[in-house]
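> I have a structure I would like to understand better, so I am pasting it below and will then ask my questions one at a time.
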Amino acid sequence: MVDGEASLATRAAWLYFAAGLTQSEVADRLNIQSTKAHRLIARASREGMIRVFVEGPVAECVALENTLVERYGLAFCRVAPDLGEGELPLRALALEGASFLRQNLERGEDKIIGVGHGRTLAAVVEQLPQTPARSVQFVSLLGGLTRKFAANPFDVIHRLAERTGAEAYLLPVPVFANSVADRAVLMKQFGIAEVFALARKASLLFVGIGQIHAEGFLVSSGMIRPDEVVELKRAGACADLLGHFFNANGELLDIDLSARATSMEGADLRKHRIVAIGGGLAKVTALRAVLRSGLLHGLIIDEVTAQALATDKLEATSGKGKNNKTKNKRQKGSKRA
Numbered sequence: 002m003v004d005g006e007a008s009l010a011t012r013a014a015w016l017y018f019a020a021g022l023t024q025s026e027v028a029d030r031l032n033i034q035s036t037k038a039h040r041l042i043a044r045a046s047r048e049g050m051i052r053v054f055v056e057g058p059v060a061e062c063v064a065l066e067n068t069l070v071e072r073y074g075l076a077f078c079r080v081a082p083d084l085g086e087g088e089l090p091l092r093a094l095a096l097e098g099a100s101f102l103r104q105n106l107e108r109g110e111d112k113i114i115g116v117g118h119g120r121t122l123a124a125v126v127e128q129l130p131q132t133p134a135r136s137v138q139f140v141s142l143l144g145g146l147t148r149k150f151a152a153n154p155f156d157v158i159h160r161l162a163e164r165t166g167a168e169a170y171l172l173p174v175p176v177f178a179n180s181v182a183d184r185a186v187l188m189k190q191f192g193i194a195e196v197f198a199l200a201r202k203a204s205l206l207f208v209g210i211g212q213i214h215a216e217g218f219l220v221s222s223g224m225i226r227p228d229e230v231v232e233l234k235r236a237g238a239c240a241d242l243l244g245h246f247f248n249a250n251g252e253l254l255d256i257d258l259s260a261r262a263t264s265m266e267g268a269d270l271r272k273h274r275i276v277a278i279g280g281g282l283a284k285v286t287a288l289r290a291v292l293r294s295g296l297l298h299g300l301i302i303d304e305v306t307a308q309a310l311a312t313d314k315l316e317a318t319s320g321k322g323k324n325n326k327t328k329n330k331r332q333k334g335s336k337r338a
């Protein structure tokens, strides 16, 4: 049954936010009292019917984008303005990430989009408005069965399908297999092999970046055990991308846990256009490591964290980011995508 009040709230929101009418004008247009118009608009906002995107760039953010593009050889960078959220700027990142994804879907350039896991990507999808994209296929890039769910990875792909009307493909396997041999068996299973084959065809990989510590998402979601974090740190790991681990120099580590990850091989990552989203000062080390790898085509980051990376004196003299510019510079156009 259609909820008439919800429909009226949607119409009131359109008139108020899109058409620019005052609440009094909305009331006149809908032939209702002004108090009811106010109540309907408030309901629309409360129930998540409103998604606001401010398209004009902030000058300070543009300067940071240019700095990071040049330093790390990115094709583009988008810096979300500081909203004063503190240590975890989730709303700012989510709004900027949703704006990027919406614009990408509206352009229709990518027909297969691979999607990672994590709180930030889940928040992005929450901010994504209804954006019809029935010709697009979304595919999980990493297994999604975990012991706990801080942000259920399946929710990300399901929500994307709901918001876009697109097809979505899941990987109902553990994030890390018990052994390399077990991973090989899983990869051959009917329904799993086909999803992996689709993921390899993705023209865009939209991913988060994980940090390596005992309170991180990898542990809190049950993907790895605390003792495995100790082993990762001993190996020099400081960042995670799709189950693959990097040291501070951006080098991909050849370790057992990566070999057990139910995602594409590390060597395959360079064949794809990867856009990462992440932020918060606690992630500076992890972000810097992945940026140094030269794998990223684009980066979406918050203003405070971007400032930390842009003013990093050690990075300016390391040369690690500069050595990896060649891959993306040939593709570089606008510094905001």
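Here the sequence shown stands for residues 2 to 338, where the numbers follow our numbering.
For each residue, glycine too, the CB sits at the ideal point set by N, CA and C.
1. Please state the DSSP three-state secondary structure of residue 137.
2. When DSSP builds the beta bridges, which residues end up paired with residue 245?
3. If you draw a straight line from the C-alpha of residue 278 to the C-alpha of residue 139, how long is it?
4. So, are the CB atoms of residue 251 and residue 293 less than 8 Å apart?
5. Ignoring anything shorter than 3 residues, give me the beta strand (DSSP E) runs that lie fully in the segment 237–296, in order along the chain.
6. In terms of alpha-carbon separation, which member of 102, 28, 135 lies closest to residue 122?
7. Would residue 72 be called buried (16 or more neighbouring beta carbons within 10 Å of its own) or exposed?
8. I'd like the span of the beta strand (DSSP E) that includes residue 209, first residue to last.
9. Comparing alpha-carbon positions, which option in 160, 206, 143 lies nearest residue 263?
10. Return the CA-CA distance between residue 207 and residue 28, expressed in angstroms with no decimal places.
11. May I ask which residues mark the beginning and end of the beta strand (DSSP E) holding residue 79?
12. By Cβ distance, which residues of its chain are closer than 7 Å to residue 214, with the 5 residues on each side in sequence left out?
13. Considering only their Cβ atoms, is the gap separating residue 69 from residue 280 smaller than 8 Å?
In terms of the structure at hand:
1. coil
2. 242
3. 17 Å
4. yes
5. 240–242, 245–247, 275–278
6. 102
7. buried
8. 205–209
9. 143
10. 42 Å
11. 77–81
12. 230
13. no
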